[in-house]
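Peer 1: Would you mind keeping the following structure in view while I ask a few things?
Residue numbers (my numbering), protein chains in the order written: chain A, 1 to 743; chain B, 1 to 163.
Okay, structure coming up:
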């Protein structure tokens, strides 16, 4: 898996944010407990905001950019509102108050309830019945819990109504239900006594208000996290450094310094390790599983943990984890909620392993809220993005690990590595991320801002799940055989309810429009599509042939499992029955040979011109994980793949058309390997909480570095950033790590 | 994975009865954290309770069990049978935690309980297994599923995944 270096300047999000927020003339140079009003204006576009009202009397009508609440028999109206939190990517939330300005008051005082929405909606599609694309609400009229977060009265002369929704906003940052963060799907506002015989309606100003001050607002108080946290391990010591960010809101309490927790038990400081606001902590006191090793109120930006640490000096060979909380003059910490809420989930942390000879430290660690074992999507040197199975897509600065913006909330679990393409190559002319999720939705997302450009159900079938990320045919790289005018996203379904009727669908990267689809076991004659089992791996694009190679399971070996399709039309060009395949195929650079690994542990070499098997080699140990890694630009090629307990190294000689088994190296439940041509080593994540560095030629396990061996954190497929020489991994300990390579 | 209405509300009660009976027969009846569904709380208001069941197939062919081999499992279907629900809207969050107690996946289900439903409702979600990290990275062992309702954890149940 060769990773392309991005060689142009990425548009940093900060350019957007700071150019667009000139109203903050009161900003000063250091962070603190601050207050900020999120409100659409000429300088704050609220790009990711959305608003609609749902109308029971017109159940299929989209009412975008309008906010109305009504109680009337069979004609209730409910408003949806979603704020863009992009200005607050790295903060602890303290309070949040929603305010709406009344445009038309009701004829009698009404009580309005605010609930957190439980499902993703799209402003362009939400109706009483439908929330996004063709997907229905779980309950018509909006998916909400049984209890309102807040209530407010709106009377005949009410100018504004406000609701305190702190717990909802904190839950989006940390999590209220046992510390499980929930996606930010926005809020729903409804009359507390609907279906009144006498109709009562309030019209609120929306983001379309002629006077910006009338637009909906969310007043948030928060404590910013420290920035640029770095740990440097040495001989029996760890040096930490950080910076205090510039204030972005009205300063309510000034920053005084930091409180640093350390864990030396082999696991990071957990999300429940939360200092209580207003409480001072003594050195060496314990908060959760962390020990207070530094408590500074003099705005220090460094701390060296060494032999003078009265809580216990760092020992060589032990991995230490640090979590750094900002604190202010009122002892407010950069947390969002309590210990039970997982309130320190988004607080910066880092790790370091001191050593007399070979100390190392993570470049950064960042919370992903849940397990992810997919490699991140990369703009090398600039941006790393990772999707999670709790419906979030994270975007972090590749150098610092700081969030570029708050995670994007999507409609379902995201499992694969989503294709990310820069503006210079994208047919849309934007930095684009293409995502597919288990709710059956596909998305085009502007990577610079996190804004959803389009969201579709490409099969228009009520949401057929996608497990694997899509393959992207980039128009810029295509030959003249590509007759389409845009990038093409190719997706395969994992609909486990059918053994034969799964589908491959292609989507216009610019608009989300479905270009073609192949549904298994349909059609007749030359248009017949064979039965298709579940698809769990990302398709591979052959630019030389303008075709798409897709792998699938095989219904117990009775159906095809390798598919070649015409990228323009979706016509099935060839199929092969190789048994279940749950890994992606890999092409040689000249496109002549395709390598594919099966669930039985066999690797096949396929002649792509004839779609026939050239040769194969058995001997893997179980299902091939991820993909067979191809290293080299010409024959003989090195092919490396992982099984259940071993990493295997092969050579494939295209002249003799033979595989040669070179080495096997035992690694605990290894991830897919990653390496690039020109390097002598490759990298494998492991179930032992480490990233193993193996010699490509010999398989020798040269050195390992620790992500998390305490739980242990199962390390996912690594991604390599050859611009920064950073390796990124996500783990089952709900974090993403960055280390420098070679070790 | 959205809500799976695998039976109509008219047939839900009878199905639930059969499900409870079957669960009892196979030894996998589960005590929800919310307490015995039939026991009133101190203020005589029944608290919502949930029973979490695990099946290897979706829908009415569900065969509840507490241990599954991942080599034979396409999906782990997680059925939550709610009782004592007040009428109105509800939001369920299923949190699936793998062996090291790390959050692996979550499922959101929102539903409306009608006054005629008798406080019962069932949801079903499918945790993909075949072709996933669970198989490829051998994420076997004891897993935990938490069912939260309207932001409160109501029930927790474990399930064992074997190679």
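From the three backbone atoms N, C-alpha and C, an ideal C-beta is built for every residue, glycine too. These figures come from a predicted structure and were not determined experimentally.
For residue 690 of chain A, which residues does DSSP report across the bridge?
Peer 2: BP columns for residue 690 of chain A point to A:706.
Peer 1: Please report how far the alpha carbon of residue 7 of chain A lies from the alpha carbon of residue 432 of chain A, in whole angstroms.
Peer 2: With a pLDDT of 36 at residue 7 of chain A, under the threshold of 50, the modelled position of this residue cannot be trusted, and the question is left open.
Peer 1: For residue 732 of chain A and residue 131 of chain B, I'd like the C-alpha separation in whole angstroms.
Peer 2: Going from the Cα of residue 732 of chain A to the Cα of residue 131 of chain B covers about 18 Å.
Peer 1: Counting only C-beta atoms, is residue 711 of chain A closer than 8 Å to chain B at any point?
Peer 2: Cβ-Cβ to chain B under 8 Å: yes for residue 711 of chain A.
Peer 1: Ignore the nearest five residues each way along the sequence and tell me which others in residue 750 of chain A's own chain have a CB closer than 8 Å to its CB.
Peer 2: In the structure displayed, chain A extends from 1 to 743; residue 750 of chain A sits before or after that span and is not available.
Peer 1: Taking residue 134 of chain B as part of the alpha helix (DSSP H), name the residues at either end of that continuous run.
Peer 2: Taken as a continuous stretch (DSSP letters only), the alpha helix (DSSP H) holding residue 134 of chain B covers 133-136.
Peer 1: I'd like the list of long-range same chain contacts for residue 66 of chain B, defined as Cβ closer than 7 Å, with 5 residues on each side in sequence excluded.
Peer 2: Around residue 66 of chain B: 28, 54, 159, 160.
Peer 1: Given a limit of 7 Å on CB to CB distance, which residues of the segment 86-118 of chain B reach chain A?
Peer 2: Here the close residues are 86, 88, 89, 90, 91, 93, 95, 98, 100, 102, 103, 104, 105, 106, 108, 109, 110, 111, 112.
Peer 1: How many angstroms separate the CA atom of residue 408 of chain A from the CA atom of residue 541 of chain A?
Peer 2: Between residue 408 of chain A and residue 541 of chain A, the C-alpha separation is close to 27 Å.
Peer 1: By the DSSP assignment, the alpha helix (DSSP H) with residue 173 of chain A in it spans what residues?
Peer 2: Segment 166-173, the alpha helix (DSSP H) holding residue 173 of chain A.
Peer 1: Between residue 47 of chain B and chain A, is there a C-beta pair that is closer than 8 Å?
Peer 2: Not closer than 8 Å to any Cβ of chain A, the Cβ of residue 47 of chain B fails to qualify, so no.
Peer 1: Can you tell which of A:127, A:195, A:288, A:262 has the C-alpha that lies nearest to the C-alpha of residue 295 of chain A?
Peer 2: Selected option, being the one with the closest Cα: A:262.
Peer 1: Quick check: what's the CA-CA separation for residue 93 of chain A versus residue 70 of chain B?
Peer 2: Approximately 41 Å, taken between the alpha carbons.
Peer 1: Could you check what DSSP says for residue 40 of chain A in three-state terms: helix, strand or coil?
Peer 2: Three-state DSSP puts residue 40 of chain A in coil, outside helix and strand.
Peer 1: Helix, strand or coil for residue 438 of chain A? Go by DSSP, reduced to three states.
Peer 2: Three-state DSSP puts residue 438 of chain A in coil, outside helix and strand.
Peer 1: Just to confirm, is the Cβ distance from residue 104 of chain A to residue 203 of chain A under 8 Å?
Peer 2: Contact flag set, yes.
Peer 1: Mind listing the chain B neighbours of residue 413 of chain A? Cutoff is C-beta to C-beta under 7 Å, in chain order.
Peer 2: By Cβ distance, chain B contributes 105.
Peer 1: Mind checking residue 38 of chain B: buried by the 16 CB within 10 Å criterion, or exposed?
Peer 2: With a pLDDT of only 36 at residue 38 of chain B, under 50, the local geometry of the prediction cannot be trusted, and no value is derived from it.
Peer 1: Just verifying my parser: in three-state terms, what is the DSSP assignment at residue 664 of chain A?
Peer 2: Residue 664 of chain A falls in the strand class under three-state DSSP.
Peer 1: Since residue 332 of chain A is in the beta strand (DSSP E), which residue starts that stretch and which ends it?
Peer 2: No beta strand (DSSP E) contains residue 332 of chain A, which DSSP labels as neither H nor E.
Peer 1: Going by the beta-carbon positions, is the gap between residue 417 of chain A and residue 458 of chain A smaller than 8 Å?
Peer 2: No, the Cβ-Cβ distance between residue 417 of chain A and residue 458 of chain A is not below 8 Å.
Peer 1: At a CB distance below 8 Å, what residues from the segment 119-130 of chain B approach chain A? Give them in sequence order.
Peer 2: The residues in question are 126, 128, 130.
Peer 1: Leaving out five residues before and five after residue 615 of chain A in sequence, what residues of the same chain have Cβ atoms less than 8 Å from its Cβ?
Peer 2: Excluding residues within five positions, the ones whose Cβ falls inside 8 Å are 604, 605, 657, 658, 659.
Peer 1: According to DSSP, is residue 482 of chain A part of a helix, a strand, or is it coil?
Peer 2: Here residue 482 of chain A sits in coil by DSSP.
Peer 1: How should residue 45 of chain B be labelled, buried or exposed, when 16 other C-beta atoms within 10 angstroms of its C-beta is the threshold for buried?
Peer 2: Residue 45 of chain B should be labelled exposed.
Peer 1: Is there at least one Cβ from chain A nearer than 8 Å to residue 75 of chain B's Cβ?
Peer 2: Yes, residue 75 of chain B lies at the interface with chain A (some Cβ there is under 8 Å from its Cβ).
Peer 1: Is there a Cβ of chain B sitting closer than 8 Å to that of residue 389 of chain A, yes or no?
Peer 2: Yes, its Cβ sits closer than 8 Å to a Cβ of chain B.
Peer 1: Quick one: measure Cβ to Cβ for residue 729 of chain A and residue 716 of chain A, integer angstroms, because I've assumed they're closer than 8 Å.
Peer 2: 6 Å between Cβ atoms; contact.
Peer 1: From the DSSP output, read off the bridge partner residues of residue 56 of chain A.
Peer 2: Its beta-bridge partners do not exist; DSSP assigns none.
Peer 1: Following the continuous beta strand (DSSP E) through residue 379 of chain A, name the residue where it begins and the one where it ends.
Peer 2: Where residue 379 of chain A is concerned, the enclosing beta strand (DSSP E) stretches over 377-379.
Peer 1: Alpha carbon to alpha carbon, what distance is there between residue 260 of chain A and residue 501 of chain A?
Peer 2: C-alpha separation (whole angstroms): 54 Å.
Peer 1: Taking a Cβ distance cut-off of 8 Å, strictly less, list which residues of the segment 140-154 of chain B are near chain A, in chain order.
Peer 2: Listed by position along the chain: 146, 148, 149, 150, 151, 152, 153.
Peer 1: In the DSSP output, which residue or residues are listed as bridge partners for residue 149 of chain B?
Peer 2: BP columns for residue 149 of chain B point to B:92, B:152.
Peer 1: Run through the segment 246-297 of chain A for me and flag every whole beta strand (DSSP E) of 3 or more residues, listed as ranges in chain order.
Peer 2: Here the runs fully enclosed are 250-263, 290-296.
Peer 1: Work out the CA separation of residue 647 of chain A and residue 641 of chain A for me, nearest whole Å.
Peer 2: If you take the alpha carbons of residue 641 of chain A and residue 647 of chain A, they lie about 6 Å apart.
Peer 1: On the criterion of 16 or more Cβ atoms from any shown chain inside 10 Å, does residue 161 of chain A qualify as buried, or is it exposed?
Peer 2: Buried, since its Cβ has 16 or more Cβ neighbours within 10 Å.
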